[in-house]
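K.L.:
What follows is a single structure, and I will ask about it in a moment.
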Amino acid sequence: MVYVTSDLHGFSLERFQAFLLEVGFSDEDYLFILGDVIDRGDEGVAILKWLLVQPNVELILGNHEAMLLACDFLFCEVDEENLASLDGAQIHSYRVWKSNGAEPTLNALRALAPEDRADILEYLRECPLYDTVSLDSGEFLLVHGGLDGYEEGRDIDAYEPHTLLWSRPTPEDTYSERFMTILGHTPTHFYGSEYKGRALRTKTFINIDTGCATGGTPMLLRLDDMKEFYMA
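What follows is the structure, given as structure tokens:
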């Protein structure tokens, strides 16, 4: 079975692992996480360390991981002293990341040995911006943000990384009907209180960001039968 979740944002790794067991996730299954496992909450780096040793879990890059990578100049020596030598673009990247909830991630990185930080950065650099899945239930595009400016027939590789990472589609937006796009990035309660903690389904995309960044809990979508799983 193939499962998808998104935007854990430092959610408790122990609770998430228990959730996986509850739904019957096993070594025979596969899980995609559609980005943003870090920032906001306290356990983002713990999740990354867990991902490093999971053969059947794949992280699609999110905008928060991209912000971390844009600040990789910090991680040779993660402290405040090296900020004085940053250029304008680096300072901007640092400020943007800090303003988006980076503090728990920075604190956790400071506590790691340099080789462990290097392993995490290398892992993130190899994460894809999207993936595709073909099952009996249909064809799926898995991406963090979406496809602003979508054009039918346009190759996904032709979209800018910023588009794939930062798009925020509205329920009225439509993508290809040849495949279902599964995405996160925008907490579903932004679309209305009736979607709080629940997936938002449209004709051509499904948003599964159920608001971990604002105190919510993650969901799982099983692509084989499109069943939704929520934490009790």
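When the letters of the sequence shown are read in order and numbered with this note's numbering, they come out as residues 2 to 233.
Quick reminder that beta carbons are idealized off the backbone N, C-alpha and C, glycines included.
1. Check whether the stretch 196-210 and the stretch 117-130 are in contact - that is, three or more C-beta pairs closer than 8 angstroms.
2. What are the boundary residues of the alpha helix (DSSP H) that includes G89?
3. Quick check on the burial criterion: 16 or more other C-beta atoms within 10 angstroms. Buried or exposed for G154?
4. DSSP on K204, reduced to helix/strand/coil?
5. Thinking just about the alpha-carbon of each residue, which of T182, R96, M232, P219 is nearest to the one in D149?
6. Taking the Cβ atom as the reference point for each residue, do N64 and H190 lie within a distance shorter than 8 angstroms?
7. Taking 8 angstroms as the limit between beta carbons, can you name the residues of its chain near A200, skipping five residues before and five after?
8. List the residues that DSSP assigns as beta-bridge partners of K228.
9. Using 8 angstroms for Cβ pairs, my map puts E178 next to D132. What's the rounded Cβ distance?
10. I'd like the list of long-range same chain contacts for C213, defined as Cβ closer than 6 angstroms, with 5 residues on each side in sequence excluded.
11. Mind checking if D117 is an interface residue toward chain C, Cβ cutoff 8 angstroms exclusive?
12. So, helix, strand or coil for Y31, using DSSP?
P.N.:
The answer reads as follows:
1. no
2. Counting from one through the sequence shown, the residue named residue 89 turns up at place 88. 89-100 is the span of the alpha helix (DSSP H), which, as asked, contains G89.
3. As a position in the sequence shown, residue 154 is number 153, starting the count at 1. Flag for G154 reads exposed.
4. Here residue 204 corresponds to residue number 203 of the sequence shown, with the count starting at 1. Coil.
5. Counting from one through the sequence shown, the residue named residue 149 turns up at place 148. If we check each option's Cα against that of D149, T182 comes out closest.
6. Along the sequence shown, read from residue 1 onward, the residue named residue 64 stands at position 63. Along the sequence shown, read from residue 1 onward, the residue named residue 190 stands at position 189. For N64 and H190, no; Cβs fall outside 8 angstroms.
7. Here residue 200 corresponds to residue number 199 of the sequence shown, with the count starting at 1. Correct list, in chain order: T189, I207, N208, I209, T211, M220, L222, E229.
8. As a position in the sequence shown, residue 228 is number 227, starting the count at 1. Per DSSP, R223.
9. Numbered from 1 along the sequence shown, position 177 holds the residue referred to as residue 178. Numbered from 1 along the sequence shown, position 131 holds the residue referred to as residue 132. At roughly 20 angstroms, the Cβ-Cβ gap does not stay under 8 angstroms, so E178 and D132 are not in contact.
10. Position 212 of the sequence shown, counted from the start, is the residue given in the question as residue 213. Contacts found: D8, L9, H10, F12, P219.
11. Chain labels in this structure do not include chain C; a single protein chain is all it has.
12. As a first step, residue 31 is located in the sequence shown; it is residue number 30 there, counting from the start. In this structure, Y31 counts as strand in the three-state DSSP scheme.
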